[in-house]
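Colleague: Got a structure for you, questions after.
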Amino acid sequence: MSHEKSLKTNLKSTLEYRVRGIAIKLHKDSKVYSPSVATLLIAENLRNVEGAEVLDLGTGSGFLAILAAKLGAKKVVATDISSRALRVARKNASLNNVEKKIEFRFGNLYQPVEDECFDLIICNPPMTPSRMPVPRFTWGGRDGRAVLDKVIEGAPRHLKKNGRLIVSVVSLVGIGESVKLMEKMGLRPEVLDYCIYPFGKTLIRLIDHLKTLPNADYVFDGSGRPCWRLVVFEAIKS
Numbered sequence: 030m031s032h033e034k035s036l037k038t039n040l041k042s043t044l045e046y047r048v049r050g051i052a053i054k055l056h057k058d059s060k061v062y063s064p065s066v067a068t069l070l071i072a073e074n075l076r077n078v079e080g081a082e083v084l085d086l087g088t089g090s091g092f093l094a095i096l097a098a099k100l101g102a103k104k105v106v107a108t109d110i111s112s113r114a115l116r117v118a119r120k121n122a123s124l125n126n127v128e129k130k131i132e133f134r135f136g137n138l139y140q141p142v143e144d145e146c147f148d149l150i151i152c153n154p155p156m157t158p159s160r161m162p163v164p165r166f167t168w169g170g171r172d173g174r175a176v177l178d179k180v181i182e183g184a185p186r187h188l189k190k191n192g193r194l195i196v197s198v199v200s201l202v203g204i205g206e207s208v209k210l211m212e213k214m215g216l217r218p219e220v221l222d223y224c225i226y227p228f229g230k231t232l233i234r235l236i237d238h239l240k241t242l243p244n245a246d247y248v249f250d251g252s253g254r255p256c257w258r259l260v261v262f263e264a265i266k267s
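Each residue of the sequence shown is one higher than the one before, starting from 30 at the first, in the working numbering.
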């Protein structure tokens, strides 16, 4: 089966999400990152988008870019390092009738936008800490910060004055370290929302590795299950 035929086969079924009354339909594809608990928490806190120029880093399925378009963004640019993800995201944009409002670009993080600046940057970076690679759309390197740090460090160069970075951070990579880095880069971070979520099978397997990371933090729920904490930050450029 050819690559294109395989992609078409995987796109036969769809899922529907609702964010603040807005319906978003997505084609299912097992090789493309679909909305996670972090993605959905960002979505619930995506406000003041109307008329804004928005950059969605690592768009995956295109979910956040589509939501930004539906919320009235003036311009949406969505980047991803996966050509397959971009093909699926374009199909999802068409499925939601916003294909003319989003520009999809191939490349790593800020690479496709060069000297462009935006009112809002949104990103749910991969942050799974692991010595060995796990699926690329979840792996954040040995300490989980490989992509997150680049997102934060690059944001000031691509934000307009008073522009905002909305980014998710999990406690497994160090929430305090993330705040320090935002402040170092001249951003003013504020917490928009947070939640606690139990480890999945992958993190259970990685728990011995997590114990070796000085900034990794997790808690246990009433059933004794290890859980990571998730914080959604809005960091404003002065």
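Yeah, the Cβ is synthetic: ideal placement off N, Cα and C, and Gly gets one too. Predicted model only: the values in this text are computed from it and were never measured.
Count the other C-beta atoms from every protein chain shown that fall within 10 angstroms of the C-beta of E263, then say buried if there are 16 or more, exposed otherwise.
Modeller: As a first step, residue 263 must be located in the sequence shown, where it is residue number 234. So E263 ends up on the buried side.
Colleague: Among I151, G91, K60, E45, whose alpha-carbon lies nearest the alpha-carbon of E82?
Modeller: As a working note, residue 82 is residue 53 in the sequence shown. Among I151, G91, K60, E45, the Cα nearest to that of E82 is on I151.
Colleague: Taking the alpha-carbon of G192 as reference, which of D148, L210, G169 has the nearest alpha-carbon?
Modeller: In the sequence shown, residue 192 corresponds to position 163, counting from 1. Minimum Cα distance to G192 is reached at D148.
Colleague: Just to confirm my understanding: we take S31, look at its own chain, exclude 5 residues before and 5 after, and list those with CB closer than 7 Å. What are they?
Modeller: On the sequence shown, position 2 is the one that residue 31 refers to. Note on S31: pLDDT 44, under 50, position unreliable in the model; the coordinate value appears next. For S31, where only same-chain residues beyond five positions count, there are no Cβ hits under 7 Å.
Colleague: Which residues in the same chain as P154 place their Cβ atom closer than 6 Å to its Cβ, once the five residues preceding and following it in sequence are excluded?
Modeller: As a working mapping, residue 154 is identified with position 125 in the sequence shown. Closer than 6 Å at the Cβ level, and outside the excluded window around P154, lie V176, L177, V180.
Colleague: Roughly how many whole angstroms lie between the Cα atoms of V117 and F249?
Modeller: As a first step, residue 117 is located in the sequence shown; it is residue number 88 there, counting from the start. As a first step, residue 249 is located in the sequence shown; it is residue number 220 there, counting from the start. For V117 and F249, the distance between alpha carbons rounds to 37 Å.
Colleague: Check the C-beta distance from L201 over to G173 and give it rounded, since I have them as a contact under 8 Å.
Modeller: Your numbering for residue 201 matches position 172 in the sequence shown. Your numbering for residue 173 matches position 144 in the sequence shown. So it is a contact: roughly 6 Å between Cβ atoms.
Colleague: Going by Cα to Cα distance, which pick from K99, T241, S90, G101 is closest to F133?
Modeller: Counting from one through the sequence shown, the residue named residue 133 turns up at place 104. Nearest option by C-alpha distance: S90.
Colleague: Count the other C-beta atoms from every protein chain shown that fall within 10 angstroms of the C-beta of P141, then say buried if there are 16 or more, exposed otherwise.
Modeller: Position 112 of the sequence shown, counted from the start, is the residue given in the question as residue 141. P141 comes out buried.
Colleague: If you draw a straight line from the alpha carbon of I233 to that of G215, how long is it in whole angstroms?
Modeller: Within the sequence shown, residue 233 is the residue found at index 204, counting from 1. Within the sequence shown, residue 215 is the residue found at index 186, counting from 1. Those two C-alpha atoms are separated by around 36 Å.
Colleague: Let's test the definition: count the other Cβ atoms within 10 Å of the Cβ of P162 and tell me whether it reaches 16, buried, or not, exposed.
Modeller: The residue labelled residue 162 in the question sits at position 133 within the sequence shown. Exposed, because fewer than 16 other Cβ atoms sit within 10 Å of the Cβ of P162.
Colleague: Do the segment 106-125 and the segment 181-188 make contact, defined as three or more Cβ pairs closer than 8 Å?
Modeller: no
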